[in-house]
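In the numbering used here, the protein residues as written are 82 to 518. We treat Cβ as the ideally placed atom computed from N, Cα and C, and that holds for glycine. Data block below; observations after.
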């Protein structure tokens, strides 16, 4: 049963839309999420006839299951539908904007059951004491069938969801502006830790938001109800703000552009590799010789390749020479990944000595370098059958790539790459799961 406060919010939500105000502009969804407000409405209905009503407040418990969704659609056209949270981890500090909750493409008409699910539905899960989050539904009419360059994300997977951008996704796939939309708001309830557990996310991620609530982080009413003195009419919908430039390439930072593989010699290796190891993560990011990535983005083993001879064997290592910091590398190097006897560049067929372990720079230690190096082996290496699993720190500290290469007569690396990373909120989560066994 809905309480009186929720009923009042729902009524006010409808009144805002009915009065000619543009709820997407008033709520800041334009420009936070999209440059243009949709003219159509996405109907979103959960169990017990719970509905999204242009900013009404619902609970994570109410929206935990995939709803029934529809919008005014051309039966002969294909659509993309998204649900996204631009307020992660909070509206006052949206550094993880956006968090992707649902993404389906090539939807015939509005039958999402027949579309290609790119990110399986997960309901709202705002961190404790982070206030109200906006959960935005947008439908886009596609120019035709799209072969999406997107690694599918299942409902139990967290990686790939933070720092999504529907604006960039729409640009990349030439979707144009959304044709229909809706949104609701939600804050933490007791279902959130249950949801996080299904994605193997420890509730330590929420610790930052366990401070007492304040008016700034916990408004008494949805923020879109604070109507501007000059209302925006529906007739003015469109690209009210400077549209995102789809053709512009992302600017390279001075930190990234100044980096080359040459800086690895002679400190890490005697001779820097001349070729590049291609390193791509399922979160949509790649290592590009010194760019900065986050521990959250690189927590899972990447897809990796290099120019290789099919009949040769190769050795791959990923190391951190900056542990615990670049100023004091007293436990360097840390071996994050080690695979030997790789036929060609098929890493899946190599012998894993140390399973992949993503970046985990301690808090306050600045940027660390995470370096991938590939060596052509003179023959098969016998490293024993002992295997160090991902969660284990055993044998990883004070490892030496130079010493290993000398002992096994590997010579100089033939290919390499690296990225930079510093502490983020995923580090304590992974550390809590780690052991020395």
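Helix, strand or coil at residue i [DSSP, three-state]
| i | result |
| --- | --- |
| residue 437 | coil |
| residue 514 | helix |
| residue 253 | helix |
| residue 490 | coil |
| residue 238 | coil |
| residue 183 | strand |
| residue 342 | helix |
| residue 215 | strand |
| residue 395 | strand |
| residue 498 | strand |
| residue 466 | coil |
| residue 173 | coil |
| residue 274 | helix |
| residue 106 | helix |
| residue 125 | strand |
| residue 381 | coil |
| residue 166 | strand |
| residue 361 | strand |
| residue 113 | helix |
| residue 483 | helix |
| residue 451 | strand |
Through-space distance from residue j to residue i, alpha-carbon basis
| i | j | result |
| --- | --- | --- |
| residue 508 | residue 451 | 15 Å |
| residue 498 | residue 148 | 44 Å |
| residue 503 | residue 423 | 30 Å |
| residue 411 | residue 405 | 7 Å |
| residue 474 | residue 367 | 25 Å |
| residue 454 | residue 429 | 17 Å |
| residue 249 | residue 488 | 48 Å |
| residue 395 | residue 228 | 33 Å |
| residue 516 | residue 469 | 11 Å |
| residue 358 | residue 385 | 7 Å |
| residue 259 | residue 222 | 7 Å |
| residue 484 | residue 409 | 20 Å |
| residue 351 | residue 482 | 11 Å |
| residue 135 | residue 383 | 39 Å |
| residue 115 | residue 518 | 48 Å |
| residue 463 | residue 480 | 18 Å |
| residue 278 | residue 510 | 12 Å |
| residue 175 | residue 113 | 10 Å |
Proximity of residue i and residue j at Cβ, strictly below 8 Å
| i | j | result |
| --- | --- | --- |
| residue 169 | residue 180 | yes |
| residue 217 | residue 167 | yes |
| residue 254 | residue 123 | no |
| residue 265 | residue 146 | no |
| residue 207 | residue 143 | no |
| residue 38 | residue 154 | The first residue shown for the chain is 82 and the last is 518, placing residue 38 beyond what the model contains. |
| residue 496 | residue 390 | no |
| residue 172 | residue 214 | yes |
| residue 501 | residue 373 | yes |
| residue 203 | residue 236 | yes |
| residue 165 | residue 188 | no |
| residue 270 | residue 141 | yes |
| residue 139 | residue 131 | yes |
| residue 514 | residue 472 | yes |
Own chain, CB closer than 8 Å to residue i, minus 5 neighbours either side, in chain order
| i | result |
| --- | --- |
| residue 512 | 441 |
| residue 417 | 399, 400, 401, 435, 437, 438, 439, 440, 451, 477 |
| residue 129 | 143 |
| residue 225 | 159 |
| residue 156 | 189, 190 |
Cβ neighbours of residue i in the same chain (closer than 7 Å, five flanking residues each side left out)
| i | result |
| --- | --- |
| residue 363 | 232, 240, 241, 381 |
| residue 375 | 502, 505 |
Neighbourhood of residue i by C-beta distance below 6 Å, restricted to the same chain and skipping five residues each side
| i | result |
| --- | --- |
| residue 163 | 184, 219, 247 |
| residue 456 | 396, 491, 494 |
| residue 420 | 397, 428, 431, 433 |
| residue 413 | 402, 404 |
| residue 353 | 342, 343, 345, 346 |
| residue 446 | 405, 406 |
| residue 44 | Outside the displayed range of the chain (82 to 518) lies residue 44, so it cannot be described from this structure. |
Any non-hydrogen atom of the ligand SAH within 7 Å of residue i CB
| i | result |
| --- | --- |
| residue 147 | Judged by which ligands are present, the structure shown has none, so any question about the ligand SAH falls away. |
- [ ] Evaluate the contact criterion for the stretch 102-121 versus the stretch 198-209: three or more CB pairs, one atom per stretch, below 8 Å.
- [x] Inter-segment contact for the stretch 102-121 and the stretch 198-209 is absent: fewer than three beta-carbon pairs are separated by less than 8 Å.
Between the stretch 226-246 and the stretch 117-124, are three or more C-beta pairs nearer than 8 Å? Cβ pair count under 8 Å is below three, so no.
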